[in-house]
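Residue numbers (this note's numbering), protein chains in the order written: chain X, 1 to 111; chain B, 1 to 120.
Cβ atoms here follow ideal geometry from the backbone N, Cα and C, with glycine treated the same way.
Please read all numbers here as calculations on a predicted model, not as lab measurements.
Worksheet: the structure to be examined is printed underneath.
Below, the structure written as structure tokens:
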């Protein structure tokens, strides 16, 4: 497969541990935020989203936290599995017409 | 239900040439967006098409142009290729009830696997 990012910040965790990936977004007016997972050779895949009127949203094994005061998003993955290894991007939008992506974090899960 | 498909998957061009990349949107989707992803970076918005009309554009020069067809498939054309155009080009489709409304909920954008363009 093709490498998505050669020089990205990397988070290395043990299988079964919880992972926390952080993201600082740029536009205080953004009102919708999304986390994407991108594996080598694939396009970004939706994980979870959150609107600006919320500060927490939970999915299956994933939780997104939004702190608008400091323009910070985090993605928490519970019981991390080898299949979670990928590059993770946060994205923000105001217009719904265009997403602005962050620079990404590589998650490596050690068996 | 088929997802977003892009072609070609890989191609090599030389500076000054022109390239056309193609995208078939997911069934039921009427909006197509194109993104450029340089190695090691997040995707950058190029433009979006809704019902065959451009519906927003990012910070890309006019030599980046596009089309959307009645079946909602789309093309991205890049003229006068430069070395910095080397990147993964991602197409994403979505369903918008009205122009610019954006999708809501889990399926706001469905991405294809991309076309990897190398400019020599």
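If we call anything under 7 Å between Cβ atoms a contact, is residue i one with residue j?
i: residue 87/B; j: residue 48/B; result: no
i: residue 22/B; j: residue 81/B; result: no
i: residue 80/X; j: residue 13/X; result: yes
i: residue 45/B; j: residue 58/B; result: yes
i: residue 27/B; j: residue 9/B; result: no
i: residue 42/B; j: residue 28/X; result: no
i: residue 92/B; j: residue 42/X; result: no
i: residue 83/B; j: residue 34/B; result: no
i: residue 89/B; j: residue 73/B; result: no
i: residue 57/X; j: residue 56/B; result: no
i: residue 18/B; j: residue 79/B; result: yes
i: residue 107/X; j: residue 11/X; result: yes
Taking residue i as the reference, which of the options has the closest Cα?
i: residue 30/X; options: 65/X, 67/X and 92/X; result: 92/X
i: residue 96/B; options: 115/B, 89/B and 30/B; result: 30/B
i: residue 62/X; options: 11/X, 18/X and 43/X; result: 18/X
i: residue 109/X; options: 42/X, 82/X, 78/X and 46/X; result: 82/X
i: residue 118/B; options: 50/B, 39/B, 4/B and 35/B; result: 39/B
i: residue 9/X; options: 46/X, 52/X and 86/X; result: 86/X
i: residue 15/X; options: 89/X, 101/X, 60/X and 77/X; result: 77/X
i: residue 109/B; options: 25/B, 13/B and 20/B; result: 25/B
i: residue 49/X; options: 107/X, 65/X and 111/X; result: 65/X
i: residue 101/X; options: 40/X, 11/X, 39/X and 44/X; result: 44/X
i: residue 39/X; options: 20/X, 88/X and 67/X; result: 88/X
i: residue 69/B; options: 85/B, 51/B and 63/B; result: 51/B
i: residue 53/X; options: 67/X, 99/X, 60/X and 37/X; result: 67/X
i: residue 37/X; options: 111/X, 99/X and 84/X; result: 84/X
i: residue 61/B; options: 53/B, 85/B and 71/B; result: 85/B
i: residue 111/B; options: 71/B, 13/B and 32/B; result: 32/B
i: residue 63/B; options: 12/B, 4/B and 20/B; result: 20/B
Run through chain C and tell me which residues come within less than 7 Å of residue i, C-beta to C-beta.
i: residue 8/X; result: Of the protein chains in this structure, namely X and B, none is chain C.
### Message
Would the segment 66–83 of chain X count as touching the segment 11–27 of chain X if we require 3 or more Cβ pairs under 8 Å?
### Response
yes
### Query
Can you list the beta strand (DSSP E) stretches of 3 or more residues lying completely in the segment 38–84 of chain B, in chain order?
44–50, 53–57, 64–68 and 74–78
### Query
Whole beta strand (DSSP E) runs in the segment 4–86 of chain X with 3 or more residues, listed along the chain?
10–14, 19–24, 32–38, 45–51, 56–58, 62–67 and 72–77
### Query
If contact means a Cβ-Cβ distance below 9 Å, which residues of the segment 11–44 of chain X contact chain B?
32, 34, 36, 38, 41, 42, 43 and 44
#### Entry: Segment contact flag, the segment 80–99 of chain X with the segment 29–48 of chain X, C-beta cutoff 8 Å, min 3 pairs
yes
### Residues within the segment 52–78 of chain B neighbouring chain X, beta-carbon criterion of under 8 Å
55, 56 and 58
### Query
Can you list, in chain order, the residues of the segment 81–105 of chain X whose Cβ is nearer than 8 Å to any Cβ on chain B?
89, 91, 93, 95, 96, 97, 98, 99, 100, 101, 102, 103 and 104
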